[in-house]
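Only one structure is covered here, and it is reproduced in the block below.
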Amino acid sequence: MEITISGPDNFNFKRTALSHGWYDLPPFHLDNETWTLTRVIDLHPNRPVTATIRGDRTSIRVSVARKLGKRASAKVIRDARHMFRLDDDMTSFYESVRHHPEFRWIAESGAGRLLRAPTVFEDLVKTLCTTNCSWALTSKMVAALVGALGAKTEDGRGSFPTPESMASVDETFYREEVRAGYRAPYLKELAERVASGTLDVESWLESDLPTPALNREIRGVKGVGQYSAENLLRLVGRYDGLALDSWVRAEFAKKHNGGRKASDKKIARSYKRFGEWSGLAFWCDMTRNWISGDEDGGKW
DNA sequence: GCGTCCAGGTCTACC
DNA sequence: GGTAGACCTGGACGC
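Under numbering that gives the first Met the number 0, the residue at position 36 of the first sequence is numbered 35, and the numbers go up by one with no gaps.
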């Protein structure tokens, strides 16, 4: 069955699917020849389903292999809207970038909606797996989690593990199977806190806390430092942090500093003019070339 | 084949 | 509050 969901003005399926590395981590998979994003959607307590998602500048089309009931369909629609940020209001961000000629392409191409997982828990676990290692290792860790602990679809894919399933295995599993190294106790502790209800990470989506206070709360999770907290804040819709890591620092050096390393203060100064949107303007600037203007259907 | 470096960092002890 | 050193893994690189 296929479900079509209308996108907001200025929506761009390709820019969202390829907005950052998540498209490459299971249970996401992007075929960028056909521009099809595959995603396993959890329908707990029922079996998860593989969704293939295509889209354009106006909508996304979600296909699933089996016929779904009302409740399951609603869950698929909710997750798709959430992952593609279809309900995010980008008006003020686009107004802000339009004042700067070299950033105008962002509004014209509909960039800035960052792909995210259906749950904050998944985004947080994945963020922990990106720290202090190569992307290849991140990919390996996430694939091991999904392969070993995810519920299986009819076609043999795995969903992202629930906090309960991650809490049910011991630290040795994270060291020896996931190859998470020193991150093993962090993953175990996070899963236990979420599964037991002592930490509600999903509440961060709607939190009334000012961003600095929410940042402090997120950093209360073992293994989450400045980069990880700011990365997660972007995924819950707060964009004032730059989430500086070695990749973006190198990218900024290449693009704007003649290949020389720039101080973090200098990077921050370059995007300060965007205020609460500075982290998003920065990220879009760093990833502009991930998609060409032609493919975007953009005018820039 | 082996050693070293470092990648989409964070924690802790110490000053 | 600032900083050095330790922490896991695995691919890239030089020799």
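The beta carbon of each residue, even a glycine, is placed where N, CA and C say it ideally should be.
- By the C-beta density criterion, residue 47 is buried, having at least 16 other C-beta atoms within 10 angstroms.
- Taking residue 119 as the centre and dropping the five residues before and after it, the same chain places the C-beta of 200, 201, 203, 204 and 235 closer than 7 Å to its C-beta, in chain order.
- By the neighbour-count criterion, in which a residue is buried when 16 or more other Cβ atoms sit within 10 angstroms of its Cβ, residue 288 is exposed.
- Per DSSP, reduced to three states, the secondary structure at residue 87 is coil, with no helix or strand assignment.
- Rounded to whole angstroms, the gap between the alpha carbons of residue 170 and residue 188 is 9 Å.
- Using a Cβ-Cβ distance cut-off of 8 Å, the region 27-40 and the region 48-61 are in contact, since at least three pairs of beta carbons, one from each stretch, lie closer than that value.
- In this structure, the beta-carbon distance from residue 49 to residue 39 falls below 8 Å.
- A Cβ-Cβ distance of about 6 Å is found for the pair residue 126 and residue 231, placing them in contact under the 8 Å criterion.
- Bounds of the alpha helix (DSSP H) holding residue 162 are 162-166.
- Taking a cut-off of 8 Å for Cβ pairs, the region 273-280 and the region 254-262 do not touch, as fewer than three such pairs fall below it.
- When only Cα atoms are considered, residue 149 and residue 228 end up about 25 Å apart.
- Here the C-alpha atom of residue 261 lies approximately 13 Å from the C-alpha atom of residue 244.
- Contact check for residue 23 against residue 138 passes: the beta carbons are separated by less than 8 Å.
- Residue 54 is bridged by DSSP to 59.
- By the criterion of a C-beta distance shorter than 8 Å, residue 166 is surrounded in its chain by 187, 190, 191, 193, 194 and 195, once the five residues flanking it on both sides are discounted.
- Of the candidates 151, 94 and 273, 151 places its Cα closest to the Cα of residue 43.
- Judged by their CB atoms, residue 4 and residue 58 are nearer to each other than the 8 Å cut-off.
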